[in-house]
Amino acid sequence: MDSNVTMEKIVSLAKRRGFVFQSSEIYGGQSGAWDYGPMGIELKNRIQRFWWKEMTQLHDDIVGLDAAILMHPRTWEASGHVENFTDPLVDCKKCKQRFRADQIDQAKLAKKECPECGGELTDTRKFNLMFKTNIGPVDDGTGLIYLRPETAQGIYVNYKNIVQSNRMKIPFGIAQVGKAFRNEIVTKNFIFRTCEFEQMEMQYFVKPGDDEKFFNYWREQRWAYYQKLGVRMEKLRWHQHGPDELAHYAKDAYDIEYEFPMGFKELEGVHNRSDYDLGRHQQFSGKDLQYIDQDNGNERYTPFIIETSAGLTRQLLMVLCDAYEDQKVADKGTDDDWRTVLHFHPTLAPVTVAVLPLMKKDGLAELAGDIRKDLKEEFATDYDQGGAIGRRYRRQDEVGTPFCVTIDYQSKEDGTVTLRFRDSMEQIRVPRAELESTIKKAIKEYKRA
Ligand code: ATP
C-alpha cells in the first residue's frame, strides 16, 4: 500500500493543500525552517493533544509544564551541551560544501577526499549546535544566552518546584511540549531535520534501582502509543544504541524508528539517563535536589530519570507519510481512476466532517448549512458546495477528512443524509438526528484498514 509514497509527493501535497510551506518563500526560502498552514496547524495541534492526553490524562502520575525557551546559561554548562553538543564537521576546500564527518564515506574521510567533488577536505572539527543570541541592551558578550536545544532541561530545573507545589511522590513524571532549536548543518528531507522544531518530552523520576523496571515499562508504553495512533506497526522498529552511540549521560537507550521514504530513521528516543541530570544541576547550582522519601524514614537520594523524547514535527511527517496512498478506485482508463487519500486516524484529521449539498439550489445549501451548524460544536467541519460531488469527495480524501455528509433531495423529504466513509468509500443513509452519534461511534471504533 505504501510503495507509491515518495518525499516529493508528500512535499507537493503538503504545499498544495496547506499543510506545510517553505519559510519566507517569497524571499527564496529560509533553510531549516518551515511554516504550518491551515491544515498543518490543525494536524500538529491534534498530534500534540493526542500525546498530551496519553501522557497526562491517562497517566495519573504525570503532570505538565511549560518552561521558557530562554534559560540561564549555566543550565547548558550543567547539562553538558556547551561541551558535548557538537557535530564533527569537515569542509571541502574546492566545492565549499560542508559535511558531517560521521555521515560520509569513512574511507574517503580518511583520505580527506570530498564525497561530492573529490576535492580536499579540511581536518574534522567540533561544531556546537546551540544557537547563541544576546539578552539585554548591550551586545558585548556579557548577555550571551542560548535558544534551548531541547525541552528536557526546563523540566529538570523545575523538578523541585513541582515536587513541592504539587506534592508529587516518586515515581512520577513531568511532560512538556515546546520549541527547540539546533543549528543543524544538514537539513534535507523536508521537515525531518530542521533548525527550529517542536519536541514532546516526558521525564519520569524514579528511585535508583527501579530504573530498569521503568525503562522497560516506558518502552512498552511508547510502543502502544503508536498502535493507538493508528499507524502501520510493521513500519516501526526498535534500535538499541550501541556503546559508541550512547550519549554521555545515558545508561541505556533505544530509539523507535519509522520507515520513512528515505529509509528507517529515528522517531523517538527512550533513554535511561541515570542520575546524571539532577546530579549535575545540584553540582552547578549548589541547590539540594535530592528527593526525601517521607514514606520511608526520610530516605534521601538523587532520582534516576527515564526520558521519552519525541519530535512533534517529525511525528507529523511520519503521520503524513504513513497516511498517504495513491489508490486505484476504478478502471475506466481516465485520471478519475485514481485518488490520493490520507488515511489519518479520525482523531488526527484536520477536518473531521465535510458537509456537502448535492446542489446549491432548491434549499439544499440552506439545509446543509443548518446541519453543519449542528455538527460544529462537536467536530471540526468543512463546507463545500462547488463542483461535481465526486470531485468534492476527492478533495476531502486528499486532506484526510474521514466523513462526508451529503445533503440531497431525499434529505428534504425524509430528513436522512448520506454519510460517506473515507477509507472504504462506503455510503450509508442516516437520519439527521443520528448523525452525531453515528460519527462518534465510528471514530471510537476506527481501525486502520
Ligand atoms: P540526531 O542524532 O538525529 O541528531 P538526536 O538523537 O540528537 O537526533 P534527540 O536529542 O534524542 O535527537 O531528540 C529527540 C527527538 O527530537 C528525536 O527523536 C526527533 O524526533 C526530534 N528531533 C531532534 N532533532 C530534530 C531536528 N533537528 N528536527 C526535527 N526533529 C528533531
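Residues 1 to 449 in the working numbering are what the sequence shown lists, from first letter to last. Where is the CB? At the ideal position from N, CA and C, for every residue including glycine.
(message) So the candidates are ARG222, PRO303, ASP382 and HIS248; which of them puts its Cα closest to the Cα of GLU257?
(response) Closest option to GLU257, Cα to Cα, is ARG222.
(request) Would you check if there are 3 or more beta carbon pairs closer than 8 Å linking the segment 119 to 131 to the segment 77 to 94? (result) Judged by Cβ distances under 8 Å, the segment 119 to 131 makes contact with the segment 77 to 94, as three or more pairs qualify.
(message) By the DSSP assignment, the beta strand (DSSP E) with ASN128 in it spans what residues?
(response) Its beta strand (DSSP E) spans residues 125 to 128.
(request) Indicate whether GLU196 and ALA33 have their beta-carbon atoms separated by less than 8 Å. (result) Yes; because the gap between Cβ atoms is below 8 Å, this pair is in contact.
(message) For TYR226 and MET233, what's the separation of their Cα atoms in angstroms?
(response) CA-CA distance, TYR226 to MET233, rounds to 7 Å.
(request) Determine the contact status of VAL186 and TRP52, defining contact as a CB-CB distance below 8 Å. (result) No.
(request) Identify whether ASN45 lies in helix, strand or coil by the three-state DSSP scheme. (result) It is helical.
(request) Would you be able to state if there are at least three C-beta pairs under 8 Å between the segment 2 to 12 and the segment 259 to 277? (result) At 8 Å Cβ cutoff, the stretches touch.
(message) For ILE389, tell me which candidate among THR56, LYS376, ALA354 and LYS412 has the shortest Cα-Cα distance.
(response) Among THR56, LYS376, ALA354 and LYS412, the Cα nearest to that of ILE389 is on ALA354.
(message) Excluding the 5 residues flanking THR124 on each side, which residues of the same chain have their C-beta closer than 8 Å to its C-beta?
(response) So the list reads PRO88, LEU89, VAL90, ALA101 and LEU109, once near-sequence residues are dropped.
(request) Go through its chain and collect everything with a Cβ distance to ARG300's Cβ below 8 Å, but skip five positions before and after it. (result) So the qualifying residues of the chain are GLN290, TYR291, ILE292 and ASP293.
(request) Would you mind sorting ALA68 into buried or exposed? The rule is 16 or more other CB atoms within 10 Å of its CB. (result) Taking every protein chain shown into account, the CB of ALA68 has fewer than 16 other CB atoms within 10 angstroms, so this residue is exposed.
(request) Identify whether PRO38 lies in helix, strand or coil by the three-state DSSP scheme. (result) PRO38: helix per DSSP, three-state reduction.
(message) Once the 5 residues before and after GLN240 are set aside, which same chain residues still bring their CB inside 6 Å of it?
(response) Hits under 6 Å: TYR254.
(request) State the Cα-Cα distance for the pair ASP2 and PHE344, rounded to the nearest angstrom. (result) Any reading at ASP2 needs caution, since the residue's pLDDT is 48, under 50, leaving its predicted position unreliable; the model's value is listed next. The alpha-carbon atoms of ASP2 and PHE344 are separated by roughly 14 Å.
(request) Please write down, chain order preserved, every residue whose beta carbon lies under 6 Å from a heavy atom of ligand 1. (result) The set, ordered by position in the chain, is GLU150, ARG182, GLU184, ARG193, THR194, PHE197, GLN199, GLU266, LEU267, GLU268, GLY269, SER309, ALA310, GLY311, THR313 and ARG314.
(request) Identify whether VAL157 lies in helix, strand or coil by the three-state DSSP scheme. (result) The answer is helix: DSSP assigns VAL157 an H, G or I state.
(request) Can you tell me the Cβ-Cβ gap for VAL351 and THR401, rounded? I've got them flagged as a contact below 8 Å. (result) At roughly 4 Å, the Cβ-Cβ gap stays under 8 Å, so VAL351 and THR401 are in contact.
(message) According to DSSP, is ARG448 part of a helix, a strand, or is it coil?
(response) In this structure, ARG448 counts as coil in the three-state DSSP scheme.
(message) Whether or not the segment 198 to 206 and the segment 324 to 331 are in contact is what I'm after, with contact meaning three or more pairs of Cβ atoms, one per stretch, closer than 8 Å; do they touch?
(response) As far as the Cβ criterion goes, the segment 324 to 331 does not touch the segment 198 to 206, which means the pair count is below three.
(request) Using 10 angstroms around the beta-carbon of VAL5, count the other beta-carbons present and answer buried if the total reaches 16, otherwise exposed. (result) Note on VAL5: 16 or more other CB atoms within 10 angstroms of its CB, so buried under the neighbour-count rule.
(request) Could you check what DSSP says for ILE389 in three-state terms: helix, strand or coil? (result) ILE389 carries a helical assignment under DSSP once its states are collapsed to helix, strand and coil.
(request) Would you kindly work out how many angstroms separate the C-alpha atoms of GLU220 and THR86, rounded to a whole number? (result) Each residue's alpha carbon lies about 31 Å from the other.
(message) My output table needs one value for LYS53: the three-state DSSP class, helix, strand or coil.
(response) Reduced to three states, the DSSP call for LYS53 is helix.
(request) Give the secondary structure of GLY279 by DSSP, where H, G and I count as helix, E and B as strand, and everything else as coil. (result) In the displayed model, GLY279 falls within a helix according to three-state DSSP.
(request) Between the Cα of ASP397 and those of VAL329, GLU434, VAL430 and LEU367, spot the shortest distance and give me the residue it belongs to. (result) Out of VAL329, GLU434, VAL430 and LEU367, VAL329 has the C-alpha closest to the C-alpha of ASP397.
(message) Just verifying my parser: in three-state terms, what is the DSSP assignment at ASP2?
(response) In this prediction, ASP2 scores a pLDDT of 48, lower than 50, which makes its location untrustworthy; no coordinate-derived value is stated.
(request) Within the segment 371 to 446, note down every full alpha helix (DSSP H) run reaching 4 residues or more, in order along the chain. (result) Whole alpha helix (DSSP H) segments, 4+ residues: 389 to 398, 409 to 414 and 435 to 444.
(request) Would you be able to state if there are at least three C-beta pairs under 8 Å between the segment 44 to 61 and the segment 134 to 154? (result) Short answer: they don't touch.
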